[in-house]
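What follows is a short report on a single structure.
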Amino acid sequence: MLKIRNLQAGYGKLKVLKNVSMHVDKGEIVTIIGANGAGKTTLLSTISGLLRAAAGEIAFEDRNLIALAPQKIPALGCVMIPEGRQIFASLSVEENLILGGHVLKKNGKQALRQQLDEQYALFPILRERREQYAGTLSGGEQQMLAMGRALMSQPSLIMMDEPSTGLAPLIVKDIFNVIVKMRDEGKTVLLVEQNAKAALQVADRGYVLETGKVVLQGTSPDLLEDADVKRAYLGKDYGEFYDGKA
Amino acid sequence: MTEKPDQTVCVPELRTQLVLERFQSTLNRAYRNVPFYQKRLREQGLDPSDIQSLDDVVRLPFLTRQHLSANYPYDLFAVPLRDIVRIHTAPGTSSNPTVSGYTRQDLQIWTNMVATALENAGVGPEDILQISLDPGLANWGRDYKSGAETIGASVIPNTLLSIDKQLMVMRDYKPSVLVTTPSYARQVAVRLAHMERKTTAFRLKTLILVGEPADTDLRRFLEHALNVDCWQHYGLSEIPGPALAYECENHSCLHVNDEHFLPEIIDPVTGAPVPAGMDGELVLTTLTTRAFPLIRFRTGDRARIVTAPCTCDCRLVRIEWLTERTDQLVCIRGVKVHQQQIMTAVENALGFKPQDSCLFENRYDEKTYLEIWIAVEDAFFSDEIKMLEMRMQRVRDQVQEDTGVPVVVRLKERATIAAGPPSING
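Each protein sequence line maps, in turn, to chains E and C. The number in my numbering is simply the position in the first sequence, starting from 1, with 10 added. The number in my numbering is simply the position in the second sequence, starting from 1, with 7 added.
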């Protein structure tokens, strides 16, 4: 579904992504884990067209995304949920959702209504809060709103940037349960997370990004068992991380 | 996206993306963690990010057995020692052996690969699998044991028995699968023929041949004499994976596990890639190995890529393994020994370097030996037969100890050595 080869991107002279190749198959949750500054968000921004790639190829269902303007990419079925939710605080919950469904305009109000109902079914709390200003929602509710807003355009690939940021562990669990539910309903998810353990527990596969390069990939159980991943990202054995080979 | 066919390595289009991703991340890990690879790439003016397609593999320098020996013991490991759960040793090119390490995941991958190869040979939970390999291939014995246990087969672990004991095990324990070298299988078959015994007392149905290629005549002989189906597996002792390529149920060429190894065929003299279908030296790059990645390892084995697809379901790259070698290794009963290592052992035993000598594989009473001819010269000569015999004995013991293969030492005239070894005893 998504195939990336030799992607290079950065900010001005700063090269962040150095030759990243990866792919996401239909119906799977793929996670990208890595430390701060590894290039995870840059990768998502480049796929969604917010950042221009310096070189490389991004193919989404055989369409080349490299040359496309960012506003044209969601219409192809590839949406991004940015870090920190970035909902419209001064609009109501329902208005936020309707904005997310702008690509459905051409299908008429009925289609939009149906999508709204689907999101309310997935996130019942949003129905309760639909008249409320989005800015007054709790962090977890805002994340659900951001997810609902992205799902409004009926995407086939959902890219999520750090959905667990700033949320209590119990809420994180709820959010990740919804991600699994989305996959089970046929969506494909590309998940960028610093919370490597939580991400690997729900993902099918994962890539480890380090200073803009993929240094390891594998199935989630495989990565969860990898000694290097455990040390660097799962908080195990951390004190001994830098003590060399012996 | 325009798909550029990756010509050099012939990986099916279906897996090009996966293989490229694994290849690039292996290179990134090796470059980050192994000073040897970092230095080698820098010397070529390369950075891992320059490798953008499988065709670019040809830009990377080769890794040889000499490099493995020079980096003895742990300098090529790409993970800290405490992440290593197994350490294997194989004969090297010098007095240093080759040491390889495995993480827990590496072992799991090997186990699964061996299990897949065995399943392709029809091995199942109802089978009794016996492993009979020389001590030099003991690493493979462990991998076969793990792979067979994964399938659920009963395993008789690796013990190299005398031929009479082997026949007794085959008669009484009733193994249905035997994993061994073509040399040993031949010895068993010939003894059986000499004894005029029937195979009806055995339940052996599958013979898995490892360590050296068996030609068509030998396979036919073994199949007939032992009343079995033969399957060939290919492996390397440096990355102990006895089954990195295997035959499927059609017995048609070796299927390389190309999700774990990237195969290339090169011209052994120029190092340039040869077109698919042409003979050359097999070069392998590991794609999933974490502890001991090998980048463009020259195997010294002669092979060619088979371009026609197999009639079986899998679409793995197929190779034909040819009997000749492209390097200085001597293959004795599946165990590969470098000539330089043998000569170092000879020199150590004698205390000087013999002026003329030659090494070759020979058979006596159907058992395969490494035969060493040493020219009679002043430094060696003694008028006491006892002294001469003692020296020859010392050479034999030393080489046997260093290489783990059975050895015969003979003194010859220089002219006889110059004429070259005789053809193998039949």
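Even glycine gets a Cβ: it sits at the ideal position worked out from N, Cα and C.
Residue i versus residue j - alpha carbon distance
i        : j        : result
ARG340/C : VAL235/C : 20 Å
LEU27/E  : PRO428/C : 59 Å
THR33/C  : LEU219/E : 13 Å
PHE209/C : LEU140/C : 20 Å
LEU216/C : ILE39/E  : 42 Å
PRO270/C : ASN35/C  : 19 Å
ARG123/E : GLU151/E : 21 Å
VAL199/E : ASN187/E : 13 Å
ALA121/E : LEU161/E : 13 Å
ASP72/E  : LEU366/C : 58 Å
GLU195/E : ARG241/E : 34 Å
ARG140/E : VAL103/E : 5 Å
ASP320/C : ARG22/C  : 15 Å
TYR252/E : PRO87/C  : With a pLDDT of 43 at TYR252/E, under the threshold of 50, the modelled position of this residue cannot be trusted, and the question is left open.
GLN164/E : GLY176/E : 27 Å
LEU24/E  : MET170/E : 24 Å
SER153/C : THR118/C : 6 Å
ILE42/E  : VAL190/E : 16 Å
GLY303/E : ALA48/E  : Limits of chain E in this structure are 11 at one end and 256 at the other, which puts residue 303/E out of reach.
SER161/C : TYR180/C : 11 Å
GLU254/C : CYS237/C : 10 Å
ASP409/C : GLU420/C : 26 Å
LEU89/C  : ARG39/C  : Leu is not the amino acid found at residue 89/C; the sequence shown has Arg there. Taking the straight line joining both Cα atoms gives about 18 Å.
VAL89/E  : LEU243/C : 47 Å
ARG370/C : VAL416/C : 13 Å
THR213/C : ASP82/C  : 40 Å
GLU391/C : ARG398/C : 11 Å
Environment of residue i [buried if 16+ CB atoms lie within 10 Å]
i        : result
MET202/C : exposed
ALA279/C : exposed
TYR376/C : buried
GLU396/C : exposed
THR330/C : exposed
ARG303/C : buried
ARG47/C  : buried
MET192/E : buried
ARG149/C : buried
PRO282/C : exposed
GLU189/C : For the sequence presented, residue 189/C should be read as Pro rather than Glu. With 16 or more other Cβ atoms within 10 Å, it is buried.
PHE359/C : exposed
PRO316/C : exposed
TYR248/E : Confidence is the limiting factor: at TYR248/E the pLDDT is only 45, short of 50, which leaves the residue's position unreliable, though a coordinate-based value still follows. TYR248/E should be labelled exposed.
ASP134/C : buried
GLY159/C : exposed
TYR243/E : buried
PRO142/C : exposed
Distance CB(residue i)-CB(residue j) smaller than 7 Å
i        : j        : result
GLN137/C : PRO182/C : yes
THR100/C : GLN362/C : no
PRO173/E : GLN142/E : no
ILE68/E  : LEU78/E  : no
LEU301/C : ILE246/C : yes
TYR151/C : VAL186/C : yes
ARG311/C : ASP286/C : yes
MET31/C  : SER230/E : A small correction: the amino acid at residue 31/C is Gln; Met does not occupy that position in the sequence shown. Not in contact: GLN31/C and SER230/E (Cβ atoms no closer than 7 Å).
GLU373/C : VAL197/C : yes
GLN194/C : ILE170/C : yes
ALA192/C : LEU251/C : no
LYS1/E   : GLN24/C  : Residue 1/E lies beyond the range of chain E shown here (11 to 256); nothing can be said about it.
ALA65/E  : LEU101/E : no
Q. Which residues, in chain order, does the segment 13 to 44 of chain C contribute to contact with chain E at a C-beta distance below 8 Å?
A. Listed in sequence order: GLN24, LEU25, LEU27, GLU28, ARG29, GLN31, SER32, ASN35, ARG36 and ARG39.
(Q) Within 8 Å, do at least three Cβ pairs link the segment 256 to 274 of chain C to the segment 120 to 137 of chain C? (A) yes
(Q) Would the segment 179 to 186 of chain E count as touching the segment 105 to 121 of chain E if we require 3 or more Cβ pairs under 8 Å? (A) No, the segment 179 to 186 of chain E does not touch the segment 105 to 121 of chain E.
**Q.** the segment 232 to 245 of chain E in contact with the segment 108 to 122 of chain C per 3-pair CB rule at 8 Å
**A.** Cβ pair count under 8 Å is three or more, so yes.
Q) In chain order, what residues of the segment 304 to 329 of chain C put their CB closer than 7 Å to some CB of chain E? A) none
Q.
Output needed in chain order: residues of the segment 212 to 232 of chain E with a Cβ under 7 Å from some Cβ in chain C.
A. LYS223, VAL224, VAL225, LEU226, GLN227 and ASP232
Q.
By the 9 Å beta-carbon criterion, what residues does the segment 55 to 70 of chain C contribute toward chain E?
A. PRO55, SER56, ASP57, ILE58, GLN59 and SER60
Q: With 8 Å as the C-beta to C-beta threshold (strictly closer), list the residues of the segment 145 to 174 of chain E near chain C in chain order.
A: none
Q. Relative to chain C, which residues along the segment 25 to 45 of chain E have a C-beta separation below 8 Å, given in chain order?
A. Close to chain C, meaning a Cβ-Cβ distance shorter than 8 Å, are the following residues of the segment 25 to 45 of chain E: LYS28, ASN29, SER31, MET32 and HIS33.
Q: Report yes or no: do the segment 403 to 413 of chain C and the segment 219 to 226 of chain C share at least 3 C-beta pairs separated by less than 8 Å?
A: no
Q. For the segment 73 to 97 of chain C, which residues have a CB atom closer than 9 Å to at least one CB atom of chain E, in sequence order?
A. From the segment 73 to 97 of chain C, only TYR81, PHE84, VAL86, PRO87, LEU88, ARG89 and ASP90 have a Cβ closer than 9 Å to chain E.
**Q.** Given 8 Å, three or more beta-carbon pairs between the segment 78 to 94 of chain C and the segment 48 to 62 of chain C
**A.** No, the segment 78 to 94 of chain C is not in contact with the segment 48 to 62 of chain C.
**Q.** Residues within the segment 79 to 113 of chain E neighbouring chain C, beta-carbon criterion of under 8 Å
**A.** none
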